[in-house]
Amino acid sequence: MAAAAVRGRRFKWSLELAAAPGGRPRGAAEGRGPLGFAERQLGEGGVHESDKILMEKRCWDVALAPLKQIPMNLFIMYMAGNTISIFPAMMVCMMGWRPLQALMSLSATLKALESSSRRALQGLVFLVGNGLGLALALYKCQAMGLLPTRPSDWLAFVAPPQRMEFTGGGLIL
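Numbering of the sequence shown is given in our numbering, commencing with residue 5 and proceeding in unit increments.
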């Protein structure tokens, strides 16, 4: 008896999906479509305008990607140190190779930026970001002593500069 009373009671939120003799489910309001259905048509201009905005944002993301890598590269440079070992050498190689690879595929990147109205500025930002990445890699190589920057690196008859002080284990030797 209690089950029959529960079945007979109708909740406001319930909708019976079994078709009534009229063809519509019982409890469905007249003139309503399925869930999420809208009577009005979406304007064509609104869709195209949002697509243009999304394409512009995507082009700026491509152009700003090298600049977004610079803070991480600075942190990696700090953590790697200036010693010549395998880990800092791999970091410097990757830090220099990624911008070189991006510059070698510059035509494909500029082709991706063609849909933007500001492709010249975005291309310039992309080039500057990769140039800064290469400059950071070269600075790290110089700090590690891998770049020949003194005359004694090039000429055999020039003596290398004498060190004024040597340290070992925190003690002056």
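In this text, a Cβ means the ideal position worked out from N, Cα and C, and glycines have one as well.
Take the alpha-carbon of Ala163 and the one of Ser156: they are about 6 Å apart.
Residue burial is scored here from C-beta neighbours: Lys144 has at least 16 other C-beta atoms within 10 angstroms and is therefore classed as buried.
Residue burial annotation: Leu117 is buried, with at least 16 other C-beta atoms found within 10 angstroms of its C-beta.
Looking at the backbone, the Cα of Met95 and that of Ala42 are separated by about 55 Å. Buried is the label assigned to Pro103, since at least 16 other Cβ atoms lie within 10 Å of its Cβ. Take the alpha-carbon of Phe130 and the one of Val66: they are about 8 Å apart. Residue state for Thr87 is assigned as coil, using DSSP reduced to three classes. For Ala141, the enclosing alpha helix (DSSP H) begins and ends at 123-148. Closest in C-alpha terms to Trp64, from the list Ser121, Ile88, Met98, Asn77, comes Ser121.
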